[in-house]
Each structure stands twice: as structure tokens, then as C-alpha cells.
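J.:
In full-length UniProt numbering, the protein residues as written are 1 to 120.
#1: Taking the alpha carbon of residue 109 as the point to measure from, which residue in 84, 29, 54, 61 has its own alpha carbon closest?
#2: Can residue 58 and residue 32 be called in contact, C-beta distance under 8 Å?
#3: For residue 103, which residues from the same chain have a beta carbon less than 8 Å from its beta carbon, with the 5 sequence-adjacent residues on both sides left out?
#4: Using the rule of at least 16 other Cβ atoms within 10 Å of the residue's Cβ for burial, across every protein chain shown, is residue 78 buried or exposed?
#5: Hey, could you find the ends of the beta strand (DSSP E) residue 132 is sitting in?
#6: Cβ atoms of residue 81 and residue 45: under 8 Å apart, would you say?
#7: Have a look at residue 113 and residue 48 and give me their C-alpha separation to the nearest angstrom.
#8: With distances taken Cα to Cα, identify the nearest neighbour of residue 116 among 37, 29, 27.
#9: For residue 51, does the count of other Cβ atoms within 10 angstroms reach 16, so buried, or fall short, so exposed?
#10: Is it true that the CB of residue 39 sits closer than 8 Å to the CB of residue 163?
#11: Comparing alpha-carbon positions, which option in 74, 64, 84, 83 lies nearest residue 98?
What follows is the structure in C-alpha cells.
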């Protein structure tokens, strides 16, 4: 005689998806926002310039100040960072916000201010 175990029941029909679907809060960039981000990325990494390195190719980093974990700020609230300083082991996403600020002695908002002063 075999013991009955409820975890080994025969597979049943999969659960149906609910009608409610979470929508993404990401909005496509407008033409002026794309031009702004292109100009920033062409200028090179702001942190490399802050540290005295040569001009390096940059990616756009959306500043998360005042936003939730899964959200990003406006397409105009961005800074240009090279791949290493953006998502590398010594970058913002690799280290985390607090460690990044300790390591480089500056914040996202201070870097944003530097990019705004250079743009003028």
C-alpha cells in the first residue's frame, strides 16, 4: 500500500492570468530629450573629467535622487558616465550609491551640477 502525499498530485490545468496587468512607468524620450542626452554622451564621462582623466566615451545615467527603487527620473535629469563608472565594478550600479559617493567624494547631484555648468 502506498502512502498518499498531496505534493505528488497529478498536474492540473495552469492558473489563468489575471485581467489586471501592471503597466510600465517608463516613458519614451521626446526629440528634445534625445538631443540633450546625445549632447551629454558626446561630451564624455563627467566623473573621468572630475578625476582628471582624458575624455572617455559615455553612457547616459538617469539620476535616481528622490525616486523609488524601480523608477527613474526625467530624461533631462541625466549625467554622462563611461561604462566602468556607470555599471562596472567601480561604478554607480556596481558599488551602490553610498559606496560610490564615499569612493569618489561626490554625489549624483553634484555631478549633475557640473554637467549643467559645462553645458552653458
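Glycine residues also receive a C-beta, built at the ideal position from the N, C-alpha and C atoms.
T.: Judging by the given coordinates:
#1: Your numbering for residue 109 matches position 109 in the chain shown. Ranked by Cα distance from residue 109, the options 84, 29, 54, 61 are led by 61.
#2: Counting from one through the chain shown, the residue named residue 58 turns up at place 58. Counting from one through the chain shown, the residue named residue 32 turns up at place 32. Not a contact, by the Cβ cut-off of 8 Å.
#3: As a position in the chain shown, residue 103 is number 103, starting the count at 1. Once the five neighbours on either side are set aside, the close Cβ partners of residue 103 are 90, 95.
#4: Position 78 of the chain shown, counting from 1, holds the residue named residue 78. The residue is buried, with at least 16 neighbouring Cβ atoms inside 10 Å.
#5: Look at the range of the chain in this structure, 1 to 120, and you will see that residue 132 is not part of it.
#6: Position 45 of the chain shown, counting from 1, holds the residue named residue 45. Position 81 of the chain shown, counting from 1, holds the residue named residue 81. With contacts defined by Cβ atoms closer than 8 Å, residue 45 and residue 81 form a contacting pair.
#7: Within the chain shown, numbered from 1, the residue matching residue 113 stands at position 113. Within the chain shown, numbered from 1, the residue matching residue 48 stands at position 48. Roughly 15 Å separates the two Cα atoms.
#8: By 1-based counting over the chain shown, the position of residue 116 is 116. The closest CA to that of residue 116, considering only 37, 29, 27, is found on 37.
#9: Within the chain shown, numbered from 1, the residue matching residue 51 stands at position 51. Exposed, because fewer than 16 other Cβ atoms sit within 10 Å of the Cβ of residue 51.
#10: Nothing about residue 163 can be reported from this structure: the residues present for the chain run from 1 to 120 only.
#11: Taking the chain shown and counting its residues from 1, one reaches residue 98 at position 98. Checking every option, the nearest Cα to that of residue 98 belongs to 64.
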